[in-house]
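J.:
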Amino acid sequence: MGLTRRFRRKARLALVFCSLLVLAENADPVAVFAGWHRLSIEPIVSPRGTGWESAGTFNPAVLFHRDKFVMLYRAQDQAGTSRLGYAESSNGIHFMRRPEPVLSPETDYEKVGGVEDPRLVKIGRTFYLTYTGDNKKDAQLCLAVSKDLIHWQRKGVILPAYQGKWNVGWTKSGAIIPEKINGKYWMYWLGTSADKTDQMGLAYSSDLLHWSEVGDTPVLPRRPGMFDSRVVEPGPPPILTPRGIVLIYNGADDNLVYRTGVALFDRNDPRKLISRTDEPIFAPEKEWEMTGQVANVVFVEGAVVRHGRYFLYYGAGDKHVGVAETAIAH
């Protein structure tokens, strides 16, 4: 590695560290993530052509790798089958897409419905991709790993449907904390409770491959009468700070309007909730967020820290990708 490249890498690491220190000074998630605004008034990724991404391109996972924003997004064809597309950007707004998907349905637990709703985290030299495997009968939380973000090795279903404690239905949406806490890796995820609402659970692992559910009740439950009365679903990988674990999440009300909330968990105990937003911090406003394959949806799955700002990537109307930002609070 040349001196210039080493300097850039050290500078990036210093910026991220300083950003998290600023975040750590403020224990209120609302104050930290207030003031979102859209970086583009139009979608940054939209359906195209007549093939694998013709019906919808949405719900993106994004991270910064080798001086580029890298996005894996859910792409849907006219038959309703989903695959994961790959796109790159130098500025986080204008993305160039690969012509073919990087992950397509192959296994019995993916066929017909496909591979959906990715979350991405890098631990060591390995990228870990959690996604939903959908065979149009069951949806289950799955895992794949990669060294280059293009070639993926499946590790199978990591939280099977219908086999949980409080969750008696499908499993989805795994948001992994990127560092160990008390010798374990932790993951927030979505399960379906007996009352048919979708709430947030917690699981732990020693090796990132084998996961065990924690607790007999949701770690972040729904709240009747509020913006998250029907669905409480993890967003991007949690942000680990000295003051706590910051988790951006997606909430839906009884009318299935999706908005964004923030929860703060204890730094040393991912099971312990400290606070959460009473009001959403982001909501559908643009025409392309309020219409689409599913109306009134903003669904955040990607977050990148750059230049003292958070770039936040979301699916809109189950059809497009949008990007918003917020400055790190001082």
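As numbered in the numbering used here, the sequence shown has no gaps in its residue numbers, which increase by one up to the final residue, 328. Where is the CB? At the ideal position from N, CA and C, for every residue including glycine. These figures come from a predicted structure and were not determined experimentally.
1. Taking only runs that begin and end inside the region 130 to 161, name each unbroken beta strand (DSSP E) of 3 or more residues, in chain order.
2. D75 and V110: beta carbons closer than 9 Å?
3. Helix or strand or just coil, what does DSSP make of E323?
4. If you draw a straight line from the alpha carbon of K120 to that of F280, how long is it in whole angstroms?
5. Three-state secondary structure (DSSP) at E287?
6. How about the region 206 to 219 and the region 87 to 101: do they share at least three Cβ pairs that are nearer than 8 Å?
7. Between the region 54 to 65 and the region 296 to 309, do at least 3 Cβ pairs fall closer than 8 Å?
8. Grab me the residues of E108's own chain with a C-beta within less than 6 Å of its C-beta, minus the 5 sequence neighbours each way, in chain order.
9. Can you name, in chain order, every residue of its own chain whose Cβ lies under 8 Å from the Cβ of G162, other than the five neighbours on each side?
10. Which residues bound the beta strand (DSSP E) around N107?
11. In chain order, which beta strand (DSSP E) runs of at least 3 residues are fully inside the region 37 to 123?
12. Helix, strand or coil for K170? Go by DSSP, reduced to three states.
13. Let me make sure I understand the geometry here. Which of A192, S88, H208, V295 has the alpha-carbon closest to that of M185?
14. Among E86, V260, G90, W50, whose alpha-carbon lies nearest the alpha-carbon of A77?
15. A281 CB to nearest chain C CB: under 9 Å?
16. Indicate the three-state DSSP secondary structure (helix, strand or coil) for H305 in the structure shown.
17. Three or more C-beta pairs closer than 8 Å, one from the region 172 to 182 and one from the region 237 to 249: is that the case here?
18. Use the C-beta contact count for S80: other C-beta atoms within 10 angstroms, 16 or more gives buried, fewer gives exposed.
19. Can you check whether the CB of K153 is closer than 9 Å to the CB of L139?
20. Just how far apart, CA to CA, sit W150 and V143?
21. Report yes if the CB atom of R257 is closer than 9 Å to the CB atom of N248, and no otherwise.
22. To the nearest angstrom, report how far apart E277 and A322 are at their CA atoms.
23. Counting along the chain, where does the beta strand (DSSP E) carrying V244 start and finish?
24. Run through DSSP, which three-state label would M224 get?
25. According to DSSP, is D196 part of a helix, a strand, or is it coil?
26. Rounded to a whole number of angstroms, what is the C-alpha to C-alpha distance between F225 and T128?
27. So, helix, strand or coil for D316, using DSSP?
28. Compare the Cα-Cα distances from H318 to each of V43, T275, S171 and report the closest residue.
29. Would you call R269 buried or exposed, if buried means 16 or more other Cβ atoms sit within 10 Å of its Cβ?
30. Would you say P41 and A53 are within 9 Å of each other, going by their C-beta atoms?
31. P232 lies in the beta strand (DSSP E); which residues open and close that run?
32. When DSSP labels each residue in this structure, what does K178 get in the three-state scheme?
33. List the residues that DSSP assigns as beta-bridge partners of R257.
34. Let's test the definition: count the other Cβ atoms within 10 Å of the Cβ of K243 and tell me whether it reaches 16, buried, or not, exposed.
T.: Reading it off the structure:
1. 137 to 144, 151 to 157
2. Annotated as distal: D75 and V110, with beta-carbon spacing of 9 Å or more.
3. strand
4. 26 Å
5. helix
6. no
7. Touching, yes, given that three or more Cβ pairs across the two stretches are closer than 8 Å.
8. G131
9. T169, G189, G199, E211
10. In the sequence as displayed, the identity of residue 107 is Tyr instead of Asn. No beta strand (DSSP E) contains Y107, which DSSP labels as neither H nor E.
11. Counting whole runs of 3 or more residues, the region 37 to 123 contains the beta strand (DSSP E) stretches 54 to 63, 66 to 74, 80 to 87, 112 to 121.
12. strand
13. H208
14. With distances taken between Cα atoms, A77 lies closest to W50.
15. Considering every chain present, this structure includes no chain C. It has just one protein chain.
16. coil
17. Short answer: they touch.
18. buried
19. no
20. 6 Å
21. yes
22. 18 Å
23. 242 to 250
24. Collapsing the DSSP output to three states places M224 in coil.
25. Here D196 sits in strand by DSSP.
26. About 26 Å.
27. coil
28. V43
29. exposed
30. Their beta carbons are not under 9 Å apart, which means P41 does not touch A53 by this criterion.
31. 229 to 232
32. coil
33. BP columns for R257 point to G249.
34. The residue asked about is misnamed: residue 243 is Ile in this sequence, not Lys. With 16 or more other Cβ atoms within 10 Å, it is buried.
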